[in-house]
Amino acid sequence: MQKHIVYIITDANRIYVEAGYCQDISLKLFELQNSANSFMLCGSKFSRIVHTEEFDTFEAAERRKNELNTFTRMQKEKLIRRYNPNWLGIHTLDTTIIKKAAVYA
């Protein structure tokens, strides 16, 4: 069974906070690490995943991603600080930050 993961990503200075979707968090982390070395990228450089939620279906994950994108910055910060108060990157945490999220009907 495939995992569907919604994550919140930020840059080193915590200026930009954005929600995204992936099926393989380790591949996403690899992409982030390799894109940090690229000099061709313009704009903000997202460097760390600070929050993740795991879902069983794509529809539930997509719904949650859209919900997170409608959150204000304060709401996103409150969610991040609840599970990750120091805003550590997910590669520095153990895998307990990836939690099973409740599917809202």
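Note that our numbering has the sequence shown beginning at 2, numbered continuously upward. Built from N, CA and C at the ideal position, the CB exists for glycine as well. None of the values given here were measured: they were computed from a predicted structure.
Between the alpha carbons of residue i and residue j, how many angstroms are there, rounded?
| i | j | result |
| --- | --- | --- |
| Q85 | M75 | Here the sequence assigns Asn to residue 85, which means Gln is not the residue at that position. The alpha-carbon atoms of N85 and M75 are separated by roughly 15 Å. |
| S48 | D12 | 5 Å |
| E55 | N67 | 15 Å |
| R15 | S36 | 18 Å |
| R83 | Y17 | 18 Å |
| T136 | K29 | This structure leaves residue 136 out entirely; the chain is present only between 2 and 106. |
| W88 | E19 | 14 Å |
| T73 | E60 | 22 Å |
| A62 | K46 | 24 Å |
Give the C-beta separation of residue i and residue j to the nearest angstrom, bearing in mind that I take them to be a contact with Cβ-Cβ under 8 Å.
| i | j | result |
| --- | --- | --- |
| V51 | G90 | 7 Å |
| I6 | T53 | 6 Å |
From this set, the options, which residue's C-alpha is nearest residue i's C-alpha?
| i | options | result |
| --- | --- | --- |
| S79 | S36, I26, I9 | Checking the sequence, you will find Lys at residue 79 rather than Ser. Nearest of S36, I26, I9 to K79, Cα basis: I9. |
| I2 | E32, W88, N14, D25 | A small fix is needed here, since residue 2 is Met in this sequence, not Ile. Of E32, W88, N14, D25, the residue nearest in Cα terms is D25. |
| R65 | L28, C23, K46 | C23 |
| H1 | S27, T58, T73 | The first residue shown for the chain is 2 and the last is 106, placing residue 1 beyond what the model contains. |
For the stretch 43 to 74, which segments carrying the alpha helix (DSSP H) assignment without a break, of at least 4 residues, lie completely within its bounds, in sequence order? 59 to 71
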